[in-house]
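Numbering (my numbering), first residue to last: 131 to 249.
Here's what the structure looks like:
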């Protein structure tokens, strides 16, 4: 585990999997009162002037998505499409996020370790 990984939320609430090896390239998650937000940490570094895309889903959708990932079952509205090279696109409504294979693998490891379950 890297010292930059955040298994618990930072002051701003965003956190990554403890399996992430770099705090600047990973799936970031934040819990709000009634929803879960997902973003790509590398976007902040590469496109600082554009608004950062964030996927926001209700907590029940997030929990169903995590269950779907654990069983490799597609989720009907939060759609993860993985290519043969392991990179993954996450799409919900009109927002799309792109993750590299190492980013998505670290996220999935965190999912299987219950790091992203809502309390």
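All residues carry an ideal CB built from backbone N, CA and C; glycine is no exception.
query                                                                                                : result
From 148, 166, 208 and 182, residue whose alpha carbon lies closest to that of residue 172           : 182
Nearest-angstrom beta carbon gap, residue 156 and residue 245 [assumed within contact, 8 Å]          : In fact, because the Cβ distance is near 12 Å, the residues do not count as touching under 8 Å.
Cβ-based neighbour list, residue 163, same chain, cut-off 7 Å, excluding 5 preceding and 5 following : none
Residue from 148, 168, 190 and 194 with nearest C-alpha to residue 229                               : 168
Backbone CA spacing between residue 186 and residue 218 [nearest angstrom]                           : 18 Å
Within 9 Å, strictly: CB atoms of residue 231 and residue 221                                        : no
Buried or exposed by the 16-neighbour rule on C-beta atoms within 10 Å, applied to residue 216       : exposed
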